[in-house]
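Going left to right, the sequence shown walks through residues -6 to 397 as this note's numbering numbers them. For each residue, glycine too, the CB sits at the ideal point set by N, CA and C. Just below is one structure, and these are the notes that go with it.
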Amino acid sequence: MKCLHILVVACFAVFSISCAGKEAKENGTIIRPNSKISSFKHVDGLRLSEFGDSIGYISLKLDSNELIGKITKILPLQDHIVVFDKNLSKGIYIFDKQGNQLAKIFRDLDSPTAPYSIEDVSVDAEKGVLYVYSANQNQVYSFDKNGKYLQKMQLAKGYFSFVQKIDDGFLCYREIDRVEKEEPFHNYRLCLLDSTGLFVKGWFNTIRNPNFTMPNPSVYFRVNAASHEVYFQSPYIDTILQLDAKEHLLKNFAVYDYNSNNYSRRGIYTAHTPDQYLTARSSSCANDEIPLITDRFILGEYTVKGGRILNYYYDLKTDHTVSGNGFKNDFDNIYVTAGPNYCITSNELITQVDNQRMLDDLEIMRETKEIDSLKIVGKKKELLNQISQNPETVVLALIKLKHE
């Protein structure tokens, strides 16, 4: 469970500062703290019953001969669920809450209403609109919740790696320097574009700050559309950037370095300015009692003091991995994954059943002749049979959240 400890620390790294001081607009990605847990209760993992009322499962019903690999993103879209598989099928699927496939979006070089490639996807949960970024064309395609094409928009020539829709435009991240030098955002890693796709502002000038690096490689990028909070995750560093939603100012930073050899400084560091952020990995930018709340996790409001998250900091002197083995599902002992692809709405957490761990469990039970014992009954037995017959089966777990 060492890797799960790390995952919990990283997940607790954000939830918007604005939520602590004033009401933030709720659009399905922001939830209010609903429980106060002052310490990590169980050494074997974060138990779903601590924050969930119940759990249910839906098997995704794909069209024939279609496969979904490792899910890159799960996104809520009103009463539908969006699944993005960037690696195997390289497509986007829209399902209802019963798992029926309603639509799919794939690249199509010949269609004017389909992207040439799919680099990133985001949603406006309130409006029921899905936004697909095509890096080859540098365009954003929009679709309704049933997959119907709406329109496409040309973005400023930026060669972006990730593009996320926010209320008043797009927030874009660049890993590579392929922009022509005359472009206004040539030197910026993080860029804000307006609703027409034109450059508004950039952050982290790599010329002015040559030592600055974003998490790389294999970075994962997500934006909370309501708070404009930016979350980067890589195999070694988690970074949280908070934007002022109205002034477009970068207000707060936090970084978690998994690879640090200085164990006393391993943890969350926060800063108020880009210059402080640039030194956060080498020195603790003490930031007393600043509330951090995240759309990626749900167990209440937490504060940072002395550069560390209170109550959720662990000694990481032993070897570890960032991948995470999943939540401790004490509802029915079915293995579920713990991100970073899962999503949270105001009412539920949606994640994926871990097929490989289920199959490993099945093999052990067969060897010990426990397959028909009371240790495996009900829904777990049903899912084990389903997954063993078809290991490519994709099952989502829906955890209903507790509310005070």
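query, result
"What I want to know is whether the C-beta of K83 ends up closer than 7 Å to one or more non-hydrogen atoms of the ligand ZN.", "What this structure holds is no ligand at all, so the ligand ZN is not there to describe."
"Output needed for K374: all residues of its chain with C-beta closer than 8 Å, excluding positions within five of it in sequence on either side, in chain order.", "none"
"Express the C-alpha separation of I159 and F136 in angstroms, rounding to a whole number.", "16 Å"
"Let me confirm a value: S47 is counted as buried when at least 16 other C-beta atoms fall within 10 Å, else exposed. Which label applies?", "exposed"
"Whole angstroms are fine: how far does the CA of R359 sit from the CA of T65?", "32 Å"
"Quick check: the Cα distance between S154 and M351, rounded to an integer number of angstroms?", "34 Å"
"One question on the structure: do K395 and F44 come within less than 8 Å of each other, judged by their Cβ atoms?", "yes"
"What's the C-alpha gap between D103 and S57?", "23 Å"
"State buried or exposed for K138, treating a residue as buried only when at least 16 other CB atoms are found within 10 Å of its CB.", "buried"
"What does DSSP give as the partner residues of A96 in its beta bridges?", "I87"
"Looking at Y126 and V133, is the spacing between their C-beta atoms short of 8 Å?", "yes"
"Is L389 near Q345, with beta carbons less than 8 Å apart?", "yes"
"Please report the straight-line C-alpha distance between V216 and D354, rounded to a whole angstrom.", "36 Å"
"Going by beta-carbon coordinates alone, are K97 and N80 separated by less than 8 Å?", "no"
"Measuring CA to CA, which of A149, G121, N326, E112 is closest to G190?", "A149"
"Can you tell which of L391, K393, V387 has the C-alpha that lies nearest to the C-alpha of K54?", "V387"
"For Q157, count neighbouring Cβ atoms within 10 angstroms of its own Cβ and tell me buried if that reaches 16, exposed if not.", "buried"
"Where L185 and Y328 are concerned, what is the direct C-alpha to C-alpha distance, given to the nearest angstrom?", "39 Å"
"Distance, Cα to Cα, Y142 vs Q91?", "23 Å"
"In whole angstroms, what is the alpha-carbon distance linking D72 and D78?", "20 Å"
"Around the Cβ of K393, are there at least 16 other Cβ atoms within 10 angstroms (buried) or fewer (exposed)?", "exposed"
"Measuring alpha carbon to alpha carbon, tell me which residue in F88, E356, S82, K83 is nearest I343.", "F88"
"Select from K194, S52, E112 the residue whose C-alpha is nearest the C-alpha of Q379.", "S52"
"Distance check for P384 and K18, CA to CA, integer angstroms please.", "Legend: pLDDT at K18 = 30, less than 50; position of this residue unreliable, no value from coordinates given."
"Might you give, ordered along the chain, the residues of its own chain that have their beta carbon closer than 7 Å to the beta carbon of D268, omitting 5 neighbours on each side?", "Summary for D268: the model assigns pLDDT 47, below 50, so the residue's position carries little reliability; its value from the coordinates is reported in the next sentence. Here the set comprises nothing."
"Can you give me the C-alpha to C-alpha distance between K223 and V114, rounded to a whole angstrom?", "The question names Lys, yet the displayed sequence has Val at residue 223. When rounded, the distance between both Cα atoms is 15 Å."
"Might you give, ordered along the chain, the residues of its own chain that have their beta carbon closer than 8 Å to the beta carbon of N326, omitting 5 neighbours on each side?", "K373"
"Which two residues bound the contiguous beta strand (DSSP E) that contains K405?", "Any question about residue 405 goes unanswered here, given that the chain covers just -6 to 397."
"If you measure between the beta carbons of F324 and S42, is that distance less than 8 Å?", "yes"
"Sort out for me which residues DSSP pairs V346 with in a bridge.", "V329"
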